[in-house]
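Residue numbers (the numbering used here), protein chains in the order written: chain H, 2 to 116; chain U, 17 to 130. Backbone N, C-alpha and C fix where the C-beta goes; we use that ideal spot for every residue, glycine too. As structure tokens, the structure follows; a few thoughts come after it.
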Amino acid sequence: AQTVTQSQPEMSVQEAETVTLSCTYDTSESDYYLFWYKQPPSRQMILVIRQEAYKQQNATENRFSVNFQKAAKSFSLKISDSQLGDAAMYFCAYSTNFGNEKLTFGTGTRLTIIP
Amino acid sequence: GAGVSQSPSNKVTEKGKDVELRCDPISGHTALYWYRQSLGQGLEFLIYFQGNSAPDKSGLPSDRFSAERTGGSVSTLTIQRTQQEDSAVYLCASSLQGVAYGYTFGSGTRLTVV
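Take a look at the structure:
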């Protein structure tokens with residue numbers, strides 16, 4: 002079974018600085034998807050960024066980028082120029098690419114932005 | 017609608033009572049998912065509906081949990097004889113193109129069993 006591990010329960014960063022959130026996963030599949038979701042206090046999960054495993058290029062969405070290391074099964078999220086609105090829980094998630102529609106989530110990292 | 021709508025937003029119920037949680041997905045989204053988020057935990061998959069296919073119920077934790085989706089749109093998650101361990105946030109999501117493109121989540125129902 003696939004597992005997703007986030008080893009940092011809490012992180013903090015100074016406003017305008019850069020922070021990296023870690024995620025590792027375990028799978029025997031070669032083709033899959035990885036995601037980072039943000040959950041603010043409103044509880045609604047918001048997709049931040051996605052990565053297809055067969056693409057070697059790291060995904061980027063504005064201030065958000067990932068460092069995808071397939072051999073190491075590592076998928077970290079880098080947030081540049083941190084803003085107060087980035088404060089939230091961040092969840093790493095995994096999905097296979099073979100009809101199984103389930104997302105497997107890590108336990109999350111609470112990110113605090115220090116003004 | 018513009019987003020995934022869940023109701024009620026919060027629900028407090030007595031142990032042993034039945035509860036129904038409602039999810040109204042984005043119009044036209046054929047896939048609908050239910051997840052449970054217990055305090056301090058990640059999201060746990062419960063059930064998945066895709067069009068007219070039989071639902072994937074593999075994540076339902078016990079036979080007290082059931083869900084249906086009427087007319088390919090609104091879904092109801094029912095928990096019978098609630099227990100304190102059922103207390104959690106129940107999140108619904110829908111998708112047009114499948115999980116690979118990410119889901120759109122609702123804001124969830126916080127269920128408290130007292």
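Helix, strand or coil at residue i according to DSSP, with G and I counted as helix
i	result
U/ASP72	strand
H/THR108	coil
U/VAL28	strand
H/LEU85	helix
H/ALA72	coil
U/ALA115	The amino acid occupying residue 115 of chain U in the given sequence is Val; Ala does not appear at that position. Looking at U/VAL115 - three-state DSSP - the assignment turns out to be helix.
H/GLU102	coil
U/THR86	helix
H/GLN40	strand
H/GLN3	coil
U/GLN53	strand
H/GLN9	coil
U/ASP102	helix
U/SER91	strand
Nearest-angstrom Cβ-Cβ length linking residue i and residue j, presumed shorter than 8 Å
i	j	result
U/ARG97	U/GLY32	6 Å
H/LYS79	H/SER66	5 Å
U/LEU55	U/CYS108	Contact doesn't hold; Cβ gap of about 19 Å is too wide.
H/GLN3	H/TYR26	7 Å
Proximal chain U residues relative to residue i, where beta-carbon distance stays under 8 Å
i	result
H/SER96	VAL115, ALA116
Partner residues on chain H for residue i, Cβ-Cβ distance less than 7 Å
i	result
U/GLY124	ARG44
U/PHE121	GLN45, MET46
Chain U contact for residue i (CB, 9 Å cutoff)
i	result
H/PHE36	yes
H/PHE69	no
H/LEU104	yes
H/ILE114	no
H/GLU53	yes
H/VAL5	yes
Per-residue contacts from residue i into chain H (C-beta, under 9 Å)
i	result
U/GLN99	Under the 9 Å cutoff, chain H gives no residues; its nearest Cβ is about 22 Å from U/GLN99.
U/TYR106	Within 9 Å Cβ-Cβ: nothing; U/TYR106 doesn't reach chain H, min ~10 Å.
U/ALA47	GLU102
Residue i at chain H interface by Cβ criterion, 9 Å
i	result
U/GLY75	yes
U/SER111	yes
U/ASP72	yes
U/GLU60	yes
U/GLN57	yes
U/GLN66	yes
Beta-carbon neighbours of residue i, restricted to chain U and to distances below 7 Å
i	result
H/LEU78	Under the 7 Å cutoff, chain U gives no residues; its nearest Cβ is about 15 Å from H/LEU78.
Cross-chain neighbours of residue i in chain U, by beta carbon under 9 Å
i	result
H/THR108	GLY56, GLN57, GLY58
Selection of the segment 81-92 of chain H by Cβ proximity to chain C, strictly under 9 Å: In the structure shown, chain C cannot be found, because the protein chains are H and U.
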